[in-house]
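All residue numbers for the sequence shown refer to the working numbering, where the first residue is 120 and numbers rise by one.
No residue lacks a Cβ here, since even glycine has one placed at the ideal position from N, Cα and C.
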Amino acid sequence: MGVEVFVRLRVLGLVIVLAVVGCHRAPVTKSATSHYAVRGVVVATDAASGEIGLNAEAIPGFMEAMTMSYKLADPTVMSELHVGDKITATLLFETDSAGPINMRLTDVVVIAQARPDYVPKVQYHVPAAGDSVPDFTLLNQSGKKIRLGQFKGKVLVMTFVYTRCPLADYCPRMSRNFAVIDKDLSGDKKLYAETHLLSVSFDPEYDTPKVLKSYGEAYTGEYSKATFGHWEFAAPEAAEMTKMEEFFSLGVTPGENGTLQHSLSTLVIGKDGRVVAFYPTNEWTTAEVEEQIRKAAV
120 MGVEVFVRLR VLGLVIVLAV VGCHRAPVTK SATSHYAVRG VVVATDAASG EIGLNAEAIP
180 GFMEAMTMSY KLADPTVMSE LHVGDKITAT LLFETDSAGP INMRLTDVVV IAQARPDYVP
240 KVQYHVPAAG DSVPDFTLLN QSGKKIRLGQ FKGKVLVMTF VYTRCPLADY CPRMSRNFAV
300 IDKDLSGDKK LYAETHLLSV SFDPEYDTPK VLKSYGEAYT GEYSKATFGH WEFAAPEAAE
360 MTKMEEFFSL GVTPGENGTL QHSLSTLVIG KDGRVVAFYP TNEWTTAEVE EQIRKAAV
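Next up, the structure:
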């Protein structure tokens with residue numbers, strides 16, 4: 120793809136951004152950074168500018184499906200991308216009086232390759248309904264080893280978080296959603312007995328059982344009275360974590376000041392240990408997940 124492609128994409132992006140936010144130019148202070156999950160197909164790459172053209176799906180609450188140019192927050196990711204690749208990523212930007220500025224992509228994960236002869240460093244599997252979930256081993260908030268296989272016979276609802284996540288719309292949102300689901304399910308004794316919630320940390324070095332216990336006590340709202348009988352918090356060993364990231368399509372890379380840049384992965388797993396539903400963004404609602412849980416519990 121030549122330079123003319125990027126000229127067209129930049130112009131298109133500018134027109135769209137102005138159309139979305141209007142053309143008011145009164146000087147205002149730049150906003151805090153916004154974060155949106157984005158999925159799409161790479162239509163152009165330009166190593167010189169560090170930008171890619173992306174035919175992105177609609178981003179609820181921000182903009183419709185469209186093709187435009189985005190800068191990569193980490194230019195080295197460019198070597199992993201090819202025209203035709205399908206990716207997930209996090210769109211970051213600030214906002215001033217003219218609208219969104221400094222739009223860039225981070226946490227880029229290739230979920231479908233365009234070039235069959237190219238083998239990326241990590242092979243990500245995108246969970247699909249019917250996939251059998253491996254029997255991964257983790258250490259829970261009580262320092263006890265648990266296996267995913269031990270939850271067969273129950274509907275397992277699982278998400279990935281890390282306790283130091285500073286983004287309210289990412290890990291904290293997943294944990295708040297799980298708190299709602301846990302409370303809602305508790306209103307039906309039979310359903311409660313047939314389900315289990317599991318929050319998995321992808322930061323096992325920091326998220327020790329002690330840290331996870333404190334984190335879990337706060338989100339369950341039970342604090343020192345928490346028994347974790349229905350909702351557990353756990354982390355695998357580093358080697359197991361890599362396998363889990365690959366199977367559950369979870370991209371995790373080191374960020375600044377001890378933070379981690381990451382995608383999201385939430386699943387409903389049936390009583391037979393097979394995937395029922397997979398949610399790769401933060402856009403799912405507790406109502407739709409609870410509906411899947413009830414169907415799987417029948």
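Item	Value
Counted within 10 angstroms of its Cβ, other Cβ atoms place P219 as buried (16 or more) or exposed	buried
Where the alpha helix (DSSP H) containing V245 begins and where it ends	Looking at the DSSP string, V245 is not in any alpha helix (DSSP H), and its letter there is neither H nor E.
Range of the contiguous alpha helix (DSSP H) that encloses G335	P328 to T339
Complete beta strand (DSSP E) runs within the segment 289 to 321 (minimum length 3 residues, chain order)	314 to 320
Three CB pairs or more closer than 8 Å across the segment 192 to 209 and the segment 223 to 236	yes
The segment 314 to 327 touching the segment 297 to 305, judged by at least three CB pairs closer than 8 Å	yes
CB of I265 within 8 Å of CB of E351, strictly	yes
Buried or exposed by the 16-neighbour rule on C-beta atoms within 10 Å, applied to P246	buried
Limits of the beta strand (DSSP E) - the one that Q380 falls within	L379 to H381
Cutoff 7 Å; reference V124; Cβ partners in own chain excluding five residues on either side	Summary for V124: the model assigns pLDDT 45, below 50, so the residue's position carries little reliability; its value from the coordinates is reported in the next sentence. Taken in chain order, the residues that qualify are A163 and G172.
CA nearest to the CA of R234, picked from Q269, N221, L200 and T256	L200
Local conformation of R234 per DSSP, three classes	coil
Distance between T378 and D250 (C-alpha atoms, nearest Å)	31 Å
At least 3 beta-carbon pairs within less than 8 Å: the segment 266 to 283 vs the segment 382 to 393	yes
Inter-residue Cα distance where the pair is K344 and S294	18 Å
CB of L244 within 8 Å of CB of S384, strictly	For clarity, residue 244 is His in the given sequence; the question names Leu instead. In this structure, S384 does not lie closer than 8 Å to H244 by Cβ.
Coil, strand or helix - E170 by DSSP	strand
CB contact flag (T373, L257, <8 Å)	Sequence check: residue 373 is Pro here, not Thr. No; because the gap between Cβ atoms is not below 8 Å, this pair is not in contact.
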